[in-house]
Structure formats: C-alpha cells, structure tokens
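What follows is a short report on a single structure.
Protein chains: 2
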Amino acid sequence: MQSQIPFTEQDEMYMARAIELAKKGRFTTTPNPNVGCVLVKNNQIIGEGFHQLAGQGHAEVNALAVAGERAKGATAYVTLEPCSHYGRTPPCAEGLKAAGVVKVIAAMVDTNPQVAGKGLKILSDAGVEVAYGLLEQQARALNLGFFKRMEHGLPYVTCKMAASVDGKTALKNGQSKWITGPAARQDVQLQRAQSCAILTGADTVMVDDAKLNVRQSELPQSLPTDLPLRQPVRVIIDSRNRLTPELALFKIESEVIIFTTKVDKSKQWPHFVRHIEVPALDEKVSLNAVLETLAQLQFNNVFLEAGATLAGKMTELKLIDEYLFYIAPKLMGCDAKSLVNFAPLTDMKNTVNLTFKECVNIGDDIRITATTHVPNT
Amino acid sequence: MQSQIPFTEQDEMYMARAIELAKKGRFTTTPNPNVGCVLVKNNQIIGEGFHQLAGQGHAEVNALAVAGERAKGATAYVTLEPCSHYGRTPPCAEGLKAAGVVKVIAAMVDTNPQVAGKGLKILSDAGVEVAYGLLEQQARALNLGFFKRMEHGLPYVTCKMAASVDGKTALKNGQSKWITGPAARQDVQLQRAQSCAILTGADTVMVDDAKLNVRQSELPQSLPTDLPLRQPVRVIIDSRNRLTPELALFKIESEVIIFTTKVDKSKQWPHFVRHIEVPALDEKVSLNAVLETLAQLQFNNVFLEAGATLAGKMTELKLIDEYLFYIAPKLMGCDAKSLVNFAPLTDMKNTVNLTFKECVNIGDDIRITATTHVPNT
C-alpha cells in the first residue's frame with residue numbers, strides 16, 4: 375500500500391467536495407459513518423454520492439451508480455477508506471476495483487478494526503493506485519462519534535448546557551424558562567437531530583417533564599437533508615426506579631432506554647421502552663457501564679442534556695468529549711443554580727481544563743464549543 | 375446651521391481617517407474627548423491631527439498647524455463638533471474660521487452643554503458650509519465615557535470579570551490564581567491604561583493585596599501611542615475604614631482616592647492618597663454618590679474590578695454600562711464562588727438583561743463584551 379504522496383490543488387478541491395457530500399448524511403447514517411465520494415475523469419466530476427442510510431448504498435456505490443461505464447479509468451475521492459468487509463452491503467473496495475477505477479484517494483484510513491487498511495490493500499493489490507491523508511482532519515471531524523466508538527468502545531458525548539453569562543441554569547426556586555432565546559432552542563433541536571441518543575437523568579425528566587424528542591416544528595425551515603429525520607433514542611438513567619409511565623416523555627412513541635441497577639417489574643411500560651440493568655456503583659448506575667453499553671448498541675453520538683449533578687459526575691469520570699454552552703446575555707446572581715456539580719476543588723491546579731473550539735452568535739445568545747481534548751489530538 | 379446633507383464616499387473615507395486618528399488619543403486625552411481632524415483640499419489631505427493631551431492643541435489646531443496657509447479653501451472633517459468656548463485653549467470653531475476653511479463636516483454635534491451646536495453656529499454664521507451626522511455611531515463610540523458624563527453626570531462604568539466557563543471566580547478556599555491566561559491579563563492591562571480610574575472595594579485590595587496599576591512590562595509590546603501612559607487613579611470604596619497604608623497598593627506612588635463615610639484620621643497616608651467623604655446608605659458609602667463625585671472630578675471611564683458583592687450592588691443600582699467577561703476554558707464546579715451577588719431573584723422576568731456586543735478569542739480564553747443598554751441607543 376502506497377503511503378502519503380503530495381496532493382494537488384485539484385485533489386484538495388475534489389476531496390473538499392466529497393466532505394461536503396458526506397455532511398449531508400449526518401442526520402441519518404448512524405450507526406454508520408458519514409462518507410462522501412467523488413469520481414473524477416479528465417478533470418471532470420462524473421459521479422458523486424454520499425452514504426444516506428445504514429443498509430443502503432455506501433458513498434462509493436452511489437457515486438459509481440451515477441458514473442456507470444464512465445467510471446473505468448476514473449479517480450475516486452473518498453472521505454474514508456473504502457470498506458473491505460461484507461456487512462449489509464458488499465465491500466466498496468471490491469466495487470471500485472470492479473468498476474475499473476485506477477486511483478483511489480482516501481482522506482483517512484478507517485480505524486474500524488474490520489477495515490483498518492484492508493480496503494486500501496485490496497485496491498493496491500489489484501493494481502489501483504492508492505493514497506490517503508488528504509484533508510484528514512476535516513474528514514475525521516465528520517465522524518467523531520463513529521471513531522470514538524471504534525477506537526475506544528465508547529460513544530462521543532456532547533454535553534449541552536444553557537446558562538446565563540454568570541453560569542446559572544435556574545433560579546433558586548427552580549425557574550429556568552427561558553434562559554436562552556428561541557434561536558438557541560432551535561439550535562438544540564438541530565443538535566438533537568444529529569445525535570444517536572439523548573442522555574439524561576430521571577431528575578431532569580421528572581422536574582421538567584421533558585419529552586426530549588426532535589420536533590419538526592422547532593427545527594430550522596431548511597435542513598440539509600431530504601430524508602426523514604430520525605428520533606434519537608431517549609436514554610434515561612434511573613438508578614432508583616423513580617420514573618413512572620405517566621410522564622410526558624412516555625407519551626411520545628419513540629424508543630426509550632432506561633438504565634437502572636435493578637428493574638422494577640411492578641410498572642407497566644409502553645412497548646417502545648426498554649430497561650437495561652447495569653452494575654451499581656455506590657448504589658447508582660455505573661456511568662461507565664452505561665456508555666459502554668451504548669457503544670455496544672452502536673450509538674456513536676450521545677447528546678447529554680442533564681442537570682448539574684449528572685453533568686458533574688460525567689465530567690469527573692472524563693466521559694464527556696465536548697461541551698456546548700449556550701450562554702444568554704443575562705445575570706441571575708450568586709443565589710441561582712450553578713452549571714456543574716462535582717466534588718469541591720481545593721487547588722486551582724485541579725480545575726477541569728477544556729479547549730475553546732468555537733464561539734458563535736445564536737440569536738441574542740452565544741454558543742461556545744469546548745472540548746476536553748488537548749489540542750492536536 | 376445646516377442640517378444633515380447627503381455625504382459622498384469621499385466624505386466617508388476622510389471621516390473614517392479622522393476616526394482612526396482620534397483613537398490614537400485614547401490613552402491620554404482624558405478628561406477631554408478623543409477627537410481627530412482631517413483637512414482636505416482638491417481631494418488631497420493637506421493636514422491631519424488628533425487631540426493628544428488635555429491642555430494641548432485640539433485635533434483641529436494640530437491639523438491646521440500641518441496645513442498652514444493651504445488651509446484656506448479647505449474642507450475640515452472632524453469627529454466631533456469644533457468647540458466654541460475658551461477652555462485651556464481657544465475655540466476651534468474660531469480657529470477654523472480664521473484659517474479660511476470653507477466647509478466643516480462634523481461626525482456629531484457635541485453634547486457637552488458648553489458647545490451643543492454653538493461651534494457649528496459660529497462657523498455657519500461666518501459663511502462656512504457646515505454639515506454633521508457622518509459616521510456618527512463610530513464617532514460616538516470613541517467617547518462613550520465623555521458623553522455619559524456630559525449627558526448624565528456619571529462616568530461610563532465597565533465592569534471587568536474573569537471567570538471559568540461555569541461562571542466561577544475563585545475556589546471556595548479563595549484560590550483564584552490564575553483563572554485566565556497571560557493574554558487575557560495583558561488585555562486587562564490595556565483596558566486599565568484606557569481608563570480614567572480603576573474602581574474597587576476594600577475587600578479586593580485587602581484579600582488580593584492588589585496594586586491595580588498599569589504595568590508597562592505587562593502591556594503588549596506595540597501600543598498605538600508614543601505618549602507616556604497615564605496611571606488611572608485607583609479609587610477604593612472603604613466604608614468601614616479597613617484599609618491600612620501598609621498594603622501593596624500604597625507602595626506604588628500614583629494617585630489614590632478612598633471613598634468612606636467618615637475619614638479615620640488616626641492613620642498616616644502617603645501624599646498621593648486622598649479621602650473623600652460621601653453620604654452613607656445602610657452604613658455603607660452611597661455608590662451613586664461615589665460615581666457622581668467621580669464625574670464631577672471629570673472621570674469619563676471607570677474600570678470596575680470588584681468582587682461579587684460590589685459588582686452585584688453596582689449591577690442592582692444600574693450603575694454599570696458595560697461588562698467585560700474574560701472566560702477561561704475551565705470548569706470549577708458548583709462549590710466555587712460565583713460572579714455577581716445580588717438579592718435573590720424569584721422570577722425569571724427579573725434577570726438582569728444585557729446585550730452581547732462582541733465575543734473574541736484572547737489567547738486560550740474568550741472575552742465577551744456585553745452592555746446594559748438596549749440595542750440602538
């Protein structure tokens with residue numbers, strides 16, 4: 375297999391196009407990754423495609439279908455190494471080979487252990503010129519959740535928080551409607567629609583009587599997908615079996631997983647509710663076990679919408695990859711409730727260090743994206 | 375006096391230049407406003423200037439000095455209505471008239487009651503064509519402090535706060551070094567250097583043993599001024615006379631004003647320390663009285679660097695015009711100390727509403743500028 379070679383400006387342009395295509399799948403491909411493919415011959419795009427739904431054609435297959443016979447002699451730009459294994463569809467590496475593609479440039483090698491270079495090897499062994507490492511960082515960013523699961527056996531967890539600029543999420547009496555404005559709440563709906571699961575605690579469900587679903591009416595008018603949006607699975611941690619089927623959440627017919635330490639069989643649940651028992655830690659559900667289970671169930675991206683206690687525990691356990699802080703132009707005062715609750719610190723050396731990635735205006739509010747990763751990893 | 379007339383692109387370009395010039399004075403002109411002036415004849419700049427130091431030449435005088443005889447027949451672009459009164463220097467309106475300037479475009483009418491249209495009237499009465507209202511908003515932004523004092527008899531108060539992204543300023547044990555990084559601290563020095571006064575409470579001075587001065591070594595290498603920086607006057611509220619001359623603040627030989635309800639004459643203070651008695655409210659210094667006094671002393675811009683209590687009181691009394699939040703990519707937890715302390719709220723309707731003006735990266739931190747003003751005023 376050929377290692378990285380110098381890429382041209384043309385190469386970069388086509389790969390950037392493939393990345394744009396891949397993004398179109400971000401509401402629908404789970405548990406598969408988002409992938410885009412562009413086929414080029416004589417400096418012309420002769421076919422392009424992206425992966426839309428698991429079980430349906432991969433990006434390469436869709437692009438080849440457009441190109442037809444013309445694919446012979448073409449170069450394929452793919453945002454991820456073509457797959458080498460028989461899943462619900464045949465391996466794409468074989469498809470590209472069979473179509474007579476002469477060169478394949480992959481943005482990155484797939485870290486899925488089922489692929490991991492094997493796709494490129496199939497091509498290389500067949501005499502197809504292969505290269506990889508073009509716009510790798512952008513390609514990786516398409517599938518943070520998929521790669522986290524492949525590489526660490528855990529989902530990528532994004533913790534969403536809405537607060538006043540003095541870091542308060544509710545008044546002392548519990549009032550919190552509304553801290554952020556309609557544009558921020560719309561943005562949260564968009565984030566939910568891109569997530570495999572919404573994770574929260576029983577408290578949040580009970581106190582807010584939250585539905586935690588994606589509501590078409592609250593989404594932006596124009597979405598970058600024509601496919602029906604999926605409803606993320608609503609995952610609730612209920613160590614002490616406090617949830618009851620009467621809550622608003624259970625009136626929405628869409629999958630729910632309840633993690634508990636011991637299922638209480640006395641309650642009657644709707645058919646779409648599933649209980650999973652996981653080991654207890656200090657009489658509470660082990661959060662590590664919850665996330666490992668979610669990864670085994672092929673959840674790539676988990677959107678955590680929790681109160682200060684669960685968010686604090688997840689922070690302490692280093693289970694959060696990214697925070698989205700929706701900050702409103704308001705002051706609520708010392709007396710109001712704080713964002714994250716974890717064991718008191720006694721030394722500034724022990725603060726939880728993040729990296730600010732982005733800060734954008736969302737209506738009258740701002741949204742700060744921060745990761746728990748150190749830069750360049 | 376002629377009212378607003380249509381301005382050309384050329385006009386706007388010259389006024390934009392005058393505004394850039396005015397900014398050069400922002401470290402030095404207090405208590406005077408920042409003003410820039412550009413003289414143009416035959417579509418060429420024949421002289422430009424800005425106000426540098428109170429008591430020295432105004433912008434128009436400096437520009438006329440450059441232009442000399444050529445000023446005859448020129449158009450003057452000034453960021454503020456030329457003055458009409460004899461202060462430490464003669465009126466600029468007379469100077470422009472005497473130099474034979476034929477047209478004066480002012481970005482805005484001066485709201486200083488000593489001027490308030492009289493400058494433009496002198497010119498108009500002498501047959502000089504006058505117009506105003508070009509880039510007025512930008513011109514106004516040059517002198518928020520000066521206009522606040524002229525229009526409301528109060529200084530423009532900027533409240534600086536440094537916090538973690540969860541809104542915490544110190545650990546429970548008081549540790550707070552350092553929340554923000556060196557770039558943010560350098561930016562604070564730059565803000566101090568542009569302020570007439572730093573305002574704080576005795577607590578902050580005593581707990582941090584803060585010097586509250588501008589330190590050349592901590593400023594950015596290149597500053598937009600060649601003039602020696604002024605030291606803002608350090609203003610401390612000490613209702614209960616708890617300050618002592620041994621504190622680090624009093625080792626820096628630079629003006630200090632201490633506001634108290636009753637001066638304690640038992641302590642020996644350095645010559646640069648001055649006490650001012652103001653009326654008490656609930657046994658504490660009246661903050662309204664403090665700010666009115668500072669305005670009478672010709673302070674335009676007050677930089678508030680206070681703890682949660684004083685910042686909270688100032689917030690409640692609506693004495694703050696602008697907040698600068700330096701937000702660090704850290705979480706410190708619920709247990710740590712919050713940003714602003716004011717009387718507990720019981721209804722979300724009563725949160726303190728701000729308007730986000732800007733959000734920029736400062737090193738690893740971000741700086742959010744928020745005003746207490748409603749948009750478009």
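Order-wise, the sequence lines are chains V and Z.
Using this note's numbering, the first residue of the first sequence is number 375, and each one after it goes up by one.
Using this note's numbering, the first residue of the second sequence is number 375, and each one after it goes up by one.
We treat Cβ as the ideally placed atom computed from N, Cα and C, and that holds for glycine.
For clarity, every value in this text was computed on a predicted model and none was experimentally measured.
Classify residue i as helix, strand or coil using the three-state DSSP reduction.
| i | result |
| --- | --- |
| Ile354/V | No information on residue 354/V is available, as it lies outside the stretch 375 to 751 that chain V covers here. |
| Val409/V | coil |
| Thr743/V | strand |
| Lys317/Z | Only positions 375 to 751 of chain Z appear in the structure, and residue 317/Z is not among them; the question remains open. |
| Asn724/Z | helix |
| Thr751/Z | Note that Thr751/Z scores 40 on pLDDT, short of 50, meaning its location in the model is unreliable; the coordinates nonetheless yield the value given after this. Looking at Thr751/Z - three-state DSSP - the assignment turns out to be coil, as it is neither helix nor strand. |
| Ile393/V | helix |
| Asn675/V | strand |
| Leu665/V | helix |
| Thr574/Z | strand |
| Leu655/Z | strand |
| Leu593/V | coil |
| Val637/V | coil |
| Lys731/Z | strand |
| Lys704/V | strand |
| Arg559/V | helix |
| Val647/Z | strand |
| Ala685/Z | helix |
Pull up the DSSP beta-bridge partners for residue i, would you.
| i | result |
| --- | --- |
| His432/Z | DSSP lists no partner for His432/Z. |
| Ala710/Z | None; Ala710/Z has no bridge partner. |
| Phe624/Z | In DSSP, Phe624/Z forms no bridge with anything. |
| Lys415/Z | Gln418/Z |
| Leu698/V | Lys534/V and Thr743/V |
| Ala544/V | Lys711/V |
| Ile610/Z | Thr574/Z and Ile632/Z |
| Ile736/Z | Asp739/Z |
Going along the chain, which residues of its own chain have a beta-carbon closer than 7 Å to the beta-carbon of residue i, five neighbours each way excluded?
| i | result |
| --- | --- |
| Ala544/Z | Ser550, Ala710 and Lys711 |
| Asp583/Z | Leu621 and Ala622 |
| Val637/Z | His649 and Glu651 |
| Thr743/Z | Glu696, Leu698, Lys731 and Glu732 |
| Gln642/V | Pro619 |
Apart from the five residues on each side of it in sequence, which residues of its chain come closer than 8 Å, Cβ to Cβ, to residue i?
| i | result |
| --- | --- |
| Ile393/V | Gly410, Thr453, Ala481, Leu509, Gln512, Ala513 and Leu516 |
| Leu593/Z | Gln560, Gln563, Leu564, Ala567 and Leu603 |
| Asn417/V | Gln384 |
| Asp739/V | Thr554, Gly555, Ala557, Ala558, Tyr700, Ile701, Ala702 and Pro703 |
| Ala537/Z | Thr543, Ile553, Phe699, Tyr700, Ile701, Ala702 and Leu713 |
Using the C-alpha atoms, what's the distance from residue j back to residue i?
| i | j | result |
| --- | --- | --- |
| His747/Z | Val676/Z | 17 Å |
| Lys473/V | Met580/V | According to the sequence shown, residue 473/V is Ala rather than Lys. Taking the straight line from one Cα to the other gives about 56 Å. |
| Gln376/V | Ala571/V | With a pLDDT of only 47 at Gln376/V, under 50, the local geometry of the prediction cannot be trusted, and the value read off the model is given with reservation. Their Cα atoms are separated by approximately 39 Å. |
| Asn727/Z | Ala680/Z | 20 Å |
| Met535/V | Phe633/Z | 41 Å |
| Asp577/V | Pro703/V | 27 Å |
| Leu691/V | Phe716/V | 10 Å |
| Ile736/V | Pro619/Z | 49 Å |
| Ser613/V | Ile611/Z | 51 Å |
| Arg462/V | His432/V | 10 Å |
| Gly491/V | Asp484/V | 7 Å |
| Glu525/V | Phe401/Z | 54 Å |
| Ile553/Z | Asp721/Z | 31 Å |
| Gly575/V | Lys658/V | 11 Å |
| Asp656/V | Gly527/V | 24 Å |
| Lys757/V | Ile626/V | In the structure as shown, chain V starts at 375 and stops at 751, and residue 757/V therefore has no counterpart that could be examined. |
| Glu443/V | Lys398/V | 26 Å |
| Asn406/V | Leu601/V | 16 Å |
| Thr725/Z | His425/Z | 41 Å |
| Asn750/V | Cys708/V | A caution first: Asn750/V carries a pLDDT of 46, below 50, which makes its placement in the model too unreliable to give a value. |
| Phe521/Z | Pro718/Z | 33 Å |
| Val489/V | Ile694/V | 27 Å |
If I measure Cβ to Cβ from residue i and keep anything under 6 Å in the same chain, skipping five residues before and after, which residues do I get?
| i | result |
| --- | --- |
| Tyr451/Z | Tyr388, Met389, Ala392, Val412 and Ile479 |
| Gly421/Z | Leu413, Ala437, Val440 and Ala441 |
| Leu678/Z | Val531, Cys533 and Leu573 |
| Pro653/Z | Ser660 and Ala663 |
Is the Cβ of residue i closer than 9 Å to any Cβ of chain C?
| i | result |
| --- | --- |
| Lys551/Z | Structure shown: chain C not included; protein chains present are V and Z. |
Consider the C-beta atom of residue i and the heavy atoms of the ligand HEM; say whether any pair is separated by less than 8 Å.
| i | result |
| --- | --- |
| Val475/V | Because no ligand of any kind appears in the structure shown, any question about the ligand HEM cannot be addressed here. |
Which ranges does the beta strand (DSSP E) cover as unbroken runs of at least 3 residues, wholly within the region 480-536 of chain V, from first to last along the chain? Runs of beta strand (DSSP E) with 3 or more residues, each lying fully within the region 480-536 of chain V, are found at 503-506, listed in chain order.
Ignoring anything shorter than 3 residues, give me the beta strand (DSSP E) runs that lie fully in the region 418-482 of chain V, in order along the chain. Correct list: 418-424, 449-452 and 477-480.
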